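Quick notes on the structure that follows.
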Amino acid sequence: MLEGILIGLQTAFSIQNLLMVIGGCLIGTFIGMLPGLGPMSIIAIMIPVAISIGDPSAALILLAGVYYGAIFGGSTSSILLNAPGVAGTVATSFDGYPMARQGKAGKALTIAAIASFAGGTIGAILLMIFAPALSSVALLFHSAEYFALMVVGLSAIAAFAGTGQVAKALMMTILGLIMATVGEGALFNMPRFTMGLMDLQSGFGFITLAMAMFALPEALFLVMNPLRSKQGDGGDSSEIKDLRITKEEAKSMAPVVGRQSIQGFFIGVLPGAGATIASFLGYAVERNIAPKEEQEQFGKGSVKGLAAPETANNAACTGSFVPLLTLGIPGSGTTAILLGALIALNVAPGPRLMLDTPEIFWAVIISMFIGNLILLILNLPLIPYIAKILAIPRNYLIPFILFFTLMGAYIGQNNATELLLLVGFGICATILRFADYPLAPLLIGFILGGMLEDNFSRAMQLYDGISFIWERPMTLGLLAIAVLLILLPSYRARRARARAAGVADGD
Amino acid sequence: MALDRWIALVLLGICLIYGYTAFFTMDENLAPFMRRNPIWPSTFPKVLAVLGAACAFVILIGLEGPQKPPKEGDIDYRRLGDYKIGQAGALLGLMVAYALLLRPAGFILSTTGFLILGSVILGERKWVTMIGVSAVAAGFVWYLVQEVLGIFMRPWPAFVGV
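Residue numbers (the working numbering), protein chains in the order written: chain A, 1 to 507; chain B, 508 to 669.
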């Protein structure tokens, strides 16, 4: 391994490859900030550039840099505008945006940058140590376990988002799953619930729904209540400049970063799970294990709540390279595109990659360290300027937020009908917010819906029915956890209400 | 009845219609060989319809307790008249107009118009700044999307021929 690392260092530290990492991180960060352009689209756009370089190590290093940059760029729009352009950064907006509204935009971006750096770096160390062994463990996960893992993820989200009203959160999750069934699925090759409309044939767009659930209602709330935007425009500019994290904040962040780097990495290793599930599960786990008084801070600008998904999604991005590099199996859409690029460069990823072309394998891993460090160095000085976006007068800022939500939906599908759907869903989401229905579970249900149904269907086909639930102990265990996750908070909430009613009667 | 329960009633209706489609109409045209499969296109929707209807029912009968009062800074729907609802409605109308005009009027004209009118609706009257900022932003985004990223967007109206 040591020899491999030395070869990797030699390759990654060449001037050309250093420039590739820097360029990739910069391009990824800036384009990733635009809602609607996630890592997958940016990497796809960059493939012709990477192929024209010719050197597979340099090309892969460039694309990996773009990948990390795009994930960090996506966090920026989540934190500043509540407009997550990438599924993996939806959970970042839960606490990042409230922090920005409290005038701590600079601090939120700093936490995101440091958490991303830590997640990515620890992930890269784990990748070095565990890559060969993990590839065989990941294969033990079958469709049934994936299905159960997603049910756990969805239940955890419903349990934390409900804040005492679990049925509402569960209802929103199911509504998201229902929306994901609209359109033509890959498994059945027939349109479902399209009501005969051609525009619904490919289903609803993720970006359209993300913008409609988060950015649009928030913009409408800012319009309806100007006092809200005064609270939220970052306060005075001195607060924006305040990037430093206090000792207490660093202390509370450290264990979260440690835990989520590991958890995120291992979730990222599982093909199909990826950064999205890692970030949601990371958020849910940290909320559930936090002390009661800190739990209440989640969703209102908690440092832990921001650090958890940011660490987990970056660690998962690194983890997703394990199946790609060791088995040649892409674990996510993004790594699938990377696989395409590798094949175009005459490199066949798989078990022999480490033996036949160690310089590529190790150079990519070493470039992950360099990439994460460069992202941190690039982003920290830029944060005060990025955060200044919030100091733009609301009469200009709000039309721009609305324009970027429209653009995000339009670029994704290149279809003007998406814009009308965006407005329609945005109005529905605003009404749901009035009634205190949490919107995050809806979006998460929608994102995971397709994968959940595919894995459920595959498991049903393999076992000719639902017997996979009791025939596979890991599946049964995971589903039992999911049921507990739903029942416990409901029971606790009922008991709290009964106790409160008892106290009132006693008065 | 509080708004959350009204919404639960609507969601129950949606789940019932969705469930009716899944249970009774969806599988009519299913090929005979697919009928032997343990999983049909309607299987997952059937599960969702039942779970969704059950959840909506729980909310509707009030098992979850009363709706919580709005958080600080949130909008209280019972006092909508106190807020600038007209401005919000006008902006939504503007978004619909933008969606309908984006292709016929071209990206640059419709975007510049959208940004200017959006600011005007919010009370801005510095015309020179508004026009300048909007035109530059529209031109910059068009250049980035079309020229750098290679995603086609017609810049001018179709009759201009560009």
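The C-beta atom is built at its ideal place from N, Cα and C for all residues, glycine as well. Because the structure is a prediction, the values reported are computed rather than measured.
Beta carbon proximity, residue i to chain B, threshold 7 angstroms
{"i": "E453(A)", "result": "yes"}
{"i": "G234(A)", "result": "Reliability fails at G234(A), whose pLDDT of 44 lies under 50, so the model's placement of it is uncertain and no value is given."}
{"i": "V423(A)", "result": "yes"}
{"i": "R497(A)", "result": "yes"}
{"i": "A416(A)", "result": "yes"}
{"i": "A167(A)", "result": "yes"}
{"i": "E239(A)", "result": "Only weak support exists for where E239(A) lies, its pLDDT of 49 falling under 50; the value from the coordinates is given anyway. Chain B, which has no Cβ nearer than 7 angstroms to the Cβ of E239(A), makes this no."}
{"i": "N225(A)", "result": "yes"}
{"i": "T357(A)", "result": "no"}
{"i": "T29(A)", "result": "no"}
{"i": "I392(A)", "result": "no"}
{"i": "F221(A)", "result": "yes"}
{"i": "S457(A)", "result": "yes"}
{"i": "N395(A)", "result": "yes"}
{"i": "M33(A)", "result": "no"}
{"i": "L487(A)", "result": "no"}
{"i": "F188(A)", "result": "yes"}
{"i": "P39(A)", "result": "no"}
{"i": "T11(A)", "result": "no"}
{"i": "L419(A)", "result": "yes"}
{"i": "P48(A)", "result": "no"}
{"i": "I157(A)", "result": "no"}
Spatial neighbours of residue i in its chain, beta-carbon cut-off 6 angstroms, leaving aside the 5 residues before and after
{"i": "T11(A)", "result": "S57, E359 and A363"}
{"i": "R512(B)", "result": "L567"}
{"i": "A315(A)", "result": "G119, G123, S261, G264 and F265"}
{"i": "M99(A)", "result": "A108 and G301"}
{"i": "L281(A)", "result": "G153"}
{"i": "L177(A)", "result": "G445 and G449"}
{"i": "T417(A)", "result": "D199"}
{"i": "L126(A)", "result": "F265"}
{"i": "M33(A)", "result": "G73, T76 and S77"}
Residue i at chain A interface by Cβ criterion, 7 angstroms
{"i": "F531(B)", "result": "no"}
{"i": "A612(B)", "result": "no"}
{"i": "M602(B)", "result": "yes"}
{"i": "K575(B)", "result": "yes"}
{"i": "L608(B)", "result": "no"}
{"i": "L555(B)", "result": "yes"}
{"i": "I514(B)", "result": "yes"}
{"i": "G625(B)", "result": "yes"}
Alpha-carbon to alpha-carbon, residue j and residue i
{"i": "G408(A)", "j": "M40(A)", "result": "14 angstroms"}
{"i": "T121(A)", "j": "A387(A)", "result": "25 angstroms"}
{"i": "G465(A)", "j": "L452(A)", "result": "16 angstroms"}
{"i": "L520(A)", "j": "R192(A)", "result": "No statement about residue 520(A) is possible, as the shown extent of chain A runs from 1 to 507 and does not include it."}
{"i": "S626(B)", "j": "F221(A)", "result": "16 angstroms"}
{"i": "Y605(B)", "j": "I277(A)", "result": "35 angstroms"}
{"i": "L187(A)", "j": "F456(A)", "result": "11 angstroms"}
{"i": "M637(B)", "j": "D589(B)", "result": "28 angstroms"}
{"i": "M602(B)", "j": "A341(A)", "result": "38 angstroms"}
{"i": "T326(A)", "j": "V66(A)", "result": "21 angstroms"}
{"i": "A515(B)", "j": "L375(A)", "result": "45 angstroms"}
{"i": "V303(A)", "j": "P573(B)", "result": "30 angstroms"}
{"i": "I245(A)", "j": "E310(A)", "result": "16 angstroms"}
{"i": "I289(A)", "j": "Y283(A)", "result": "10 angstroms"}
{"i": "A144(A)", "j": "P611(B)", "result": "49 angstroms"}
{"i": "G600(B)", "j": "M253(A)", "result": "44 angstroms"}
{"i": "Q594(B)", "j": "I628(B)", "result": "6 angstroms"}
Sequence-distant residues of its chain with Cβ nearer than 7 angstroms to residue i (five each side left out)
{"i": "L345(A)", "result": "I51, P56 and A59"}
{"i": "D534(B)", "result": "W547 and S549"}
{"i": "S155(A)", "result": "A482, L485 and I486"}
{"i": "L19(A)", "result": "none"}
{"i": "N82(A)", "result": "S93, Y97, F214, A215 and E218"}
Listed from N- to C-terminal order along the chain, which residues in the stretch 425-448 of chain A have their beta-carbon within a distance smaller than 9 angstroms of any beta-carbon of chain B? G426, I427, T430, I431, L432, R433, F434, A435, D436 and Y437
What are the complete beta strand (DSSP E) segments, minimum 3 residues, inside the stretch 521-573 of chain B? none
In chain order, what are the residue ranges of uninterrupted alpha helix (DSSP H) at least 4 long that sit wholly in the stretch 46-116 of chain A? 56-81 and 90-101
Going along the chain, which residues of the stretch 464-481 of chain A sit with their C-beta nearer than 9 angstroms to a C-beta in chain B? D464, G465 and I466
When Cβ atoms are compared, which residues of the stretch 282-294 of chain A fall closer than 8 angstroms to chain B? none
At 3 residues or longer, and completely inside the stretch 160-196 of chain A: list those beta strand (DSSP E) runs for me, N to C. none
Near-chain A residues of the stretch 534-545 of chain B (beta-carbon distance less than 9 angstroms), N- to C-terminal order: N536, L537, M541, N544 and P545
Give, in chain order, every residue of the stretch 188-216 of chain A whose Cβ lies closer than 8 angstroms to some Cβ of chain B. F188, M190, R192 and F193
Complete alpha helix (DSSP H) runs within the stretch 362-414 of chain A (minimum length 4 residues, chain order): 394-413
Could you name each continuous alpha helix (DSSP H) segment of 4 residues or more that falls completely within the stretch 257-298 of chain A, going from the start of the chain to the end? 274-289 and 292-295
With a floor of 4 residues, list each alpha helix (DSSP H) that falls wholly inside the stretch 584-627 of chain B, ordered by position along the chain. 592-612
Residues in the stretch 67-82 of chain A having any Cβ partner in chain B nearer than 7 angstroms: none
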